[in-house]
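Under my numbering, residues -1 to 342 are what the sequence shown spells out, in order.
Backbone N, C-alpha and C fix where the C-beta goes; we use that ideal spot for every residue, glycine too.
Written out below as structure tokens is the structure these notes cover.
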Amino acid sequence: MTIRTPWYECDSRFIAAHYQPAMLIDLALSREIDSHRLLRGTGLFYEDILAGRRLISPQQFLTLIGNSQRLLDADDTSFLLGQRLLPGHYGAASHALQHAGNLQEALGLLIRLRALLCPLLAPRLLLDEKDAWLYWVDACGAGEQRRFLVETSMTAVAGMSRWLAGERLPWHFHFGHAQPRYVEQYWVHLGDEVLFARQLDAMRIPREYLTRPWPQALQTAGRVAQQESDRQLESLGFGASLLERLYVWLLRHVREAPTLEQAAQAFEMSPATFKRKLHKHGTHYQEQRDLVRKQVALYLYRLKGYGNDEVAAYLRFHDTANFRRSFKRWTGLSPSDLRQLFRT
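In structure tokens:
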């Protein structure tokens, strides 16, 4: 199937510099960081931010994040940014979020308007019988900044939902990385329900919280803001990134194990061009395919209760031993180690 929906790439200039980037700039300036040093390598001047008309690329935003991490040298930067990020002050998209009627509507808006609200990490929602899982897909090749973005994103969603719901919601936080030395920042900003080395960056909440009405919602104002946000997306010409489009395509074809050539054909590119585009984002096709297969395997193990033979069969491995070797390569764990991890 050919992918005809347009996408953005890491060098596409569409992020309003006076929106999310300005939040980070203000945080750095509040700690007396020099603006020239902060913006070095981004192609920006502070006057560009104040003018309110400059559009930057994800690469420029990631450079700004890297500069902020280095200059601030503080363990709480990502969490403090997350507290400021949503609903934010980003025009109609923020107004739409602010007037969401419940958590389900808010998460739906966050996902639909992700190019406007969270262009570097793409949120996705998965429902099982008991819980809702919000997890993130790397949209632009975050590289070393991925952990910072994950910490920021989870803090932002938790803070937004607490404010709009009028109460602290019982989120559980699962991080793919190992427990960092500054774990106390997670406890302070996210609470006690934090787990590390879980192979996935996700937030989990009981499904009954999705539809509980929120007190601040204004139905008419919210609908008008949503319509205006949709017009902004339409003017952009895209709503998702190349890496996210590839993720969704691989997820749809995960049982077929498609080749690079088949993927390139689906995206109407030559294999060489497709490889160059992925390299520009700091990745390659096999890495993306393995990521999707790993996440599907995790889903089948944890949420469906499948055994090794069933997961191997679903992913169409010729034998279970070959699947176990691949799973160990994807995760660093054997399937039995994973099941033990899920019990903790």
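When you compare the CB positions of residue i and residue j, do they come within less than 9 Å of one another, or not?
| i | j | result |
| --- | --- | --- |
| residue 3 | residue 243 | yes |
| residue 84 | residue 14 | no |
| residue 72 | residue 110 | no |
| residue 160 | residue 137 | no |
| residue 89 | residue 232 | no |
| residue 202 | residue 170 | yes |
| residue 80 | residue 149 | yes |
| residue 294 | residue 312 | yes |
| residue 131 | residue 147 | no |
| residue 343 | residue 234 | No answer is possible for residue 343: the residues shown for the chain start at -1 and end at 342. |
| residue 300 | residue 340 | yes |
| residue 240 | residue 290 | no |
| residue 22 | residue 63 | yes |
| residue 247 | residue 270 | no |
| residue 42 | residue 51 | no |
Check for me: the beta strand (DSSP E) holding residue i runs from which residue to which?
| i | result |
| --- | --- |
| residue 170 | 170 to 172 |
List the DSSP bridge partners of residue i.
| i | result |
| --- | --- |
| residue 203 | 130 |
| residue 343 | Because the chain here runs from -1 to 342, residue 343 falls outside it and cannot be looked at. |
| residue 6 | 239 |
| residue 52 | In DSSP, residue 52 forms no bridge with anything. |
| residue 122 | 133 |
| residue 13 | 54 |
| residue 193 | 172 |
Below 8 Å on the Cβ atoms is my contact criterion, and I expect residue i with residue j to pass it. Report the Cβ-Cβ distance as a whole number of Å.
| i | j | result |
| --- | --- | --- |
| residue 329 | residue 197 | 6 Å |
| residue 353 | residue 204 | Outside the displayed range of the chain (-1 to 342) lies residue 353, so it cannot be described from this structure. |
| residue 91 | residue 119 | No, residue 91 and residue 119 are not in contact; Cβ-Cβ is about 16 Å, not under 8 Å. |
| residue 188 | residue 152 | 7 Å |
| residue 25 | residue 100 | Not a contact, Cβ separation roughly 30 Å. |
| residue 69 | residue 36 | 6 Å |
| residue 223 | residue 162 | Their Cβ separation, rounded to whole angstroms, is 14 Å, which puts residue 223 and residue 162 out of contact at 8 Å. |
| residue 333 | residue 322 | 6 Å |
Would you check whether the ligand NAP has a heavy atom nearer than 8 Å to the C-beta of residue i?
| i | result |
| --- | --- |
| residue 41 | Only the bare structure without any ligand can be found here, which leaves the ligand NAP out of the picture. |
Could you tell me which of the options sits nearest to residue i, measuring between CA atoms?
| i | options | result |
| --- | --- | --- |
| residue 335 | 279, 283, 133 and 306 | 306 |
| residue 218 | 47, 11, 93 and 36 | 93 |
| residue 277 | 310, 150, 132 and 139 | 139 |
| residue 39 | 55, 124 and 181 | 55 |
| residue 292 | 228, 237, 181 and 253 | 253 |
| residue 179 | 74, 117, 207 and 308 | 74 |
| residue 193 | 212, 319 and 173 | 173 |
| residue 117 | 321, 207, 17 and 246 | 17 |
| residue 215 | 320, 177, 257 and 95 | 95 |
| residue 8 | 82, 141 and 128 | 141 |
| residue 49 | 164, 65 and 20 | 20 |
| residue 144 | 280, 323, 87 and 258 | 280 |
| residue 315 | 331, 255, 333 and 212 | 255 |
| residue 257 | 275, 286 and 237 | 286 |
| residue 221 | 103, 263, 296 and 319 | 103 |
Over what stretch of residues does the alpha helix (DSSP H) that includes residue i continue unbroken?
| i | result |
| --- | --- |
| residue 29 | No alpha helix (DSSP H) contains residue 29, which DSSP labels as neither H nor E. |
| residue 163 | 144 to 163 |
| residue 328 | 318 to 329 |
| residue 216 | Note, residue 216: premise wrong, no alpha helix (DSSP H); not H, not E. |
| residue 308 | 306 to 312 |
| residue 75 | 75 to 83 |
| residue 97 | Note, residue 97: premise wrong, no alpha helix (DSSP H); not H, not E. |
| residue 269 | 269 to 278 |
| residue 177 | Here residue 177 belongs to no alpha helix (DSSP H), and DSSP marks it neither H nor E. |
| residue 315 | Note, residue 315: premise wrong, no alpha helix (DSSP H); not H, not E. |
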